[in-house]
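To keep things clear, I will list the structure first and then write my remarks on it.
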Amino acid sequence: MQDKELKEIVTLLRQKPQLSVLTGAGISAESGIPTFRGQNGLWKQFRAEELATPEAFERNPKLVWEWYDWRRRIIAEREPNPGHLVLARWEREFPGFILITQNVDGLHRRAGSKSILELHGNIWQVRCLKEGTVRDNFESPLTTIPPVCPTCGSLLRPNVVWFGEALPRDILEKAYAASSKAELMFVIGTSAYVYPAASLPLVAAEAGAKIVEINPDYTPLSASADYILRGKAGEVLMAIDEALKENS
Ligand code: BV8
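In case it helps, the working numbering puts the sequence shown at residues 159 to 406.
Here's what the structure looks like:
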């Protein structure tokens with residue numbers, strides 16, 4: 159990250175702007191959690207169509223649950239990294255701060271973030287197919303695959319949003335509202351490939367927000383970003399946070 163960019167971003171942050179952040183799997187990479195489309199990405203071994211769709215679950219709930227159980231076990235052994243921790247601190251320092259995440263791993267919450275919009279649900283929640291009830295379920299590894307509802311015995315599904323499924327309306331509306339009133343939006347660790355999440359930074363930019371992208375790689379969003387910080391989320395966020403604290 160060049161000094162000039164860092165100075166400009168710190169100056170923007172010092173003005174205590176309406177700050178929103180959109181995160182993707184990349185912010186959890188430094189915690190040791192595989193991303194979806196990276197080198198050893200989660201999708202590499204499997205094809206999304208085989209697993210993260212209602213049809214796949216209908217066809218083979220055991221296979222889909224084995225994939226989620228495997229991911230839950232990886233996440234259960236990992237900790238939030240400095241990137242998650244900086245964002246949890248910024249929530250306390252920036253009035254009106256909103257964290258929008260595509261991640262289902264729950265690491266933002268474990269890092270101390272409270273005001274989180276989980277666009278794609280949460281891998282630590284299960285939903286009864288029959289009753290629709292949502293419960294926390296932290297059992298790892300799962301003792302029964304696929305798990306069943308303790309009250310009615312029906313199949314449980316992960317309480318996440320699969321391809322072809324609508325995002326939770328209230329959460330999506332809040333995410334669009336946060337994006338359209340943001341003065342500054344950080345977009346961290348996402349390939350900007352999945353919609354409607356990927357449209358949020360464009361809504362923010364359209365409404366006049368400055369966009370800061372933090373990602374080692376180029377993405378379809380890069381062309382619309384005002385600042386492109388080519389680096390790892392934890393390292394870049396720590397550098398910005400350090401500079402922010404200097405002679406503050
Ligand atoms: C819907 C399940 C409509 C949970 C996931 C336009 C509008 C609306 C829909 C569509 C549209 N165009 C296409 C669609 C359909 C589809 C879609 O977007 N398809 C894609 C493939 C093109 N969208 C949907 O189906 C959505 N539903 O809109 O329905 C509707 C409306 C009404 C009624 C019915 C239906 C649902 C989308 C949610 C799908 N579910 N996952 C789970 O198992 O996790 S998406 C999946 O991808 C994950 O949830 C993840 O959150 C998401 C995005 O991935 P990323 O987080 O970006 O991760 P990725 O690996 O791709 O990238 C990581 C990045 O990090 C990389 O850039 C890498 O460089 C970077 N990185 C790596 N290391 C670091 C780093 N960055 C920083 N630091 C590091 N250290």
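Glycine is no exception: its CB is placed at the ideal position from the N, C-alpha and C atoms.
* In the DSSP assignment, what are the bridge partners of Ser231? -> One point to set straight first is that residue 231 is Arg, not Ser, in the sequence displayed. DSSP output for Arg231 lists no bridge partner at all.
Notebook entry, point to check: By a C-beta neighbour count over all protein chains shown, 10 Å radius and 16 as the cutoff for buried, is Asp375 buried or exposed?
Noted result: exposed
Rounded straight-line distance, which links the Cα of Ile185 to that of Ile386: 16 Å
Worksheet item: Just the Cα atoms here: how many angstroms apart are Glu151 and Lys403?
Response: No answer is possible for residue 151: the residues shown for the chain start at 159 and end at 406.
(request) Output yes or no for whether 8 Å exceeds the beta carbon distance between Leu325 and Cys286. (result) no
Candidates Ala397, Pro354, Gly347, Glu400, of which the one nearest Ser380 by Cα: Gly347
Mind reading off the beta-carbon distance from Val244 to Met396? Whole number of angstroms is fine, and I expect it under 8 Å. 6 Å
Decide yes or no for the touch test of the stretch 251-267 against the stretch 344-362: beta carbon pairs closer than 8 Å, at least 3 of them.
-> yes
Exercise. Using CA coordinates, which residue listed in Ala187, Glu237, Ala340 is at the minimum distance from Glu393?
Worked result: Ala187
Subject >> Trp248, enclosing alpha helix (DSSP H) - first and last residue >> reply: 240-251
Counting along the chain, where does the alpha helix (DSSP H) carrying Asp161 start and finish?
161-172
query: Is Trp320 near the ligand BV8, going by C-beta to nearest heavy atom under 7 Å?
result: yes
Closer than 7 Å: is that where the CB of Glu364 sits relative to any heavy atom of the ligand BV8? no
Looking at the secondary structure, which residues open and close the alpha helix (DSSP H) in which Phe255 lies? That residue, Phe255, is in no alpha helix (DSSP H); it is neither H nor E in DSSP.
Exercise for the section: Consult DSSP for Tyr385 and reduce its assignment to one of helix, strand or coil. Expected result: strand
Check this for me: beta carbons of Ala383 and Ile369, under 8 Å apart or not?
yes
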